[in-house]
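Participant: Pasting a structure below so you can have a look.
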């Protein structure tokens, strides 16, 4: 009996040890996630709270709550003509992301599914194009756009955004289509569907998570693009919000309450898009990681 009891005690000890290890891993994981959430959310909350303060409160008591909510910060931001910059950003983003996603969708599908000479070479060139830093092509791109007479125009901002965003979008969709079940395409082909019909009627509906992920990522990139806009858009008629916000900064002082109010306004559309498409976004990247 003593040997049986000893074995049972040893088994119980091993079980408790495994349970403790599992609990320790879970606690560590939750602690890391909690710290990451804290690091991400604290600046966002601070910007939201500070946008309702006066300029004196921001500098004298940056961590305190506002004594009174300064709603006029938002009204002043709207009255200064900032909605025109938001309109420009909306036009540039929509007109950049839609063609970018359509071209990337067809290119990624063709490279992943169609067999033709030079397919691997084309994909490698796309990957190498994405590896080139944007700053390395900034001057040639500026001179090219200038020679075409597209500076201070919507096209001068939209076309470079499309060209820059296509390589990354193609890589994401290519990786997704490589794992797409071939049996579905073969069944559609036996039913007499053309390649275009297969793409848009069979593949695209099932690829919605990956497509929405590309849409979200490229929308964020285009909406927040600053460097190229600061060079190619010096006119208020096409200036996006990223450079328009600089109008609130003077040589010796800045209107920080108004700037923070604007930051909250421009963050709202992106937050809404991400919240609405969050499930598709997570599902797509979880699937590509398998």
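Numbering (UniProt numbering), first residue to last: 1 to 290.
Note that beta-carbon positions come from the ideal geometry of N, C-alpha and C, so glycine has one too.
Note that this is a predicted model, so its numbers are computed, not measured.
If you check the beta carbons only, do residue 203 and residue 180 fall under 8 Å apart?
Facilitator: In the chain shown, residue 203 corresponds to position 203, counting from 1. In the chain shown, residue 180 corresponds to position 180, counting from 1. Against a cut-off of 8 Å, the Cβ pair of residue 180 and residue 203 comes out as a contact.
Participant: Hey, residue 51 and residue 240: beta-carbon distance below 8 Å or not?
Facilitator: As a position in the chain shown, residue 51 is number 51, starting the count at 1. As a position in the chain shown, residue 240 is number 240, starting the count at 1. No; because the gap between Cβ atoms is not below 8 Å, this pair is not in contact.
Participant: Indicate the three-state DSSP secondary structure (helix, strand or coil) for residue 70 in the structure shown.
Facilitator: Working through the chain shown from its first residue, we reach residue 70 at position 70. Residue 70: coil per DSSP, three-state reduction.
Participant: Within the continuous alpha helix (DSSP H) that includes residue 211, where are the two ends?
Facilitator: Taking the chain shown and counting its residues from 1, one reaches residue 211 at position 211. It spans 208-223 - the alpha helix (DSSP H) in which residue 211 sits, taken as one unbroken run.
Participant: Report the three-state DSSP secondary structure of residue 254 (helix, strand or coil).
Facilitator: Numbered from its first residue, the chain shown carries residue 254 at position 254. Of the three classes helix, strand and coil, the one that applies to residue 254 here is strand, per DSSP.
Participant: Roughly how many whole angstroms lie between the Cα atoms of residue 278 and residue 115?
Facilitator: Within the chain shown, numbered from 1, the residue matching residue 278 stands at position 278. Within the chain shown, numbered from 1, the residue matching residue 115 stands at position 115. Answer to the nearest angstrom: the Cα atoms are 34 Å apart.
Participant: Across the region 100-112 and the region 163-173, are there enough close Cβ pairs to call them in contact, namely three or more that are closer than 8 Å?
Facilitator: yes
Participant: Could you pull out every residue in the same chain whose Cβ sits closer than 6 Å to the Cβ of residue 126, ignoring the five residues on either side in sequence?
Facilitator: Within the chain shown, numbered from 1, the residue matching residue 126 stands at position 126. Within the same chain, residue 126 has close Cβ partners 167, 170.
Participant: Quick one: any contact between the region 242-249 and the region 131-146, if contact means 3 or more CB pairs under 8 Å?
Facilitator: No, because fewer than three Cβ pairs between the region 242-249 and the region 131-146 fall closer than 8 Å, the two stretches do not touch.
Participant: Do residue 273 and residue 198 have their CB atoms nearer than 8 Å?
Facilitator: Working through the chain shown from its first residue, we reach residue 273 at position 273. Working through the chain shown from its first residue, we reach residue 198 at position 198. Taking 8 Å as the Cβ cut-off, residue 273 and residue 198 do not qualify as a contacting pair.
Participant: Would you decide whether residue 228 is buried or exposed? Buried here means 16 or more other CB atoms lie within 10 Å of its CB.
Facilitator: Along the chain shown, one-based indexing puts residue 228 at 228. Buried.
Participant: From the DSSP secondary-structure annotation, give me the bridge partner or partners of residue 249.
Facilitator: Stepping through the chain shown from its first residue, residue 249 is reached at position 249. Note: residue 249 sits in a beta bridge opposite 254.
Participant: Note the first and the last residue of the continuous alpha helix (DSSP H) segment covering residue 112.
Facilitator: The count along the chain shown starts at 1 and reaches residue 112 at position 112. Note, residue 112: alpha helix (DSSP H), 82-113.
Participant: Of the residues 260, 265, 266, 268, which one's Cα is nearest the Cα of residue 47?
Facilitator: The count along the chain shown starts at 1 and reaches residue 47 at position 47. The candidate whose alpha carbon is nearest that of residue 47 is 260.
Participant: Report yes if the CB atom of residue 262 is closer than 8 Å to the CB atom of residue 84, and no otherwise.
Facilitator: Counted from its first residue, the chain shown places residue 262 at position 262. Counted from its first residue, the chain shown places residue 84 at position 84. Cβ distance not < 8 Å, so residue 262 and residue 84 don't count as in contact.
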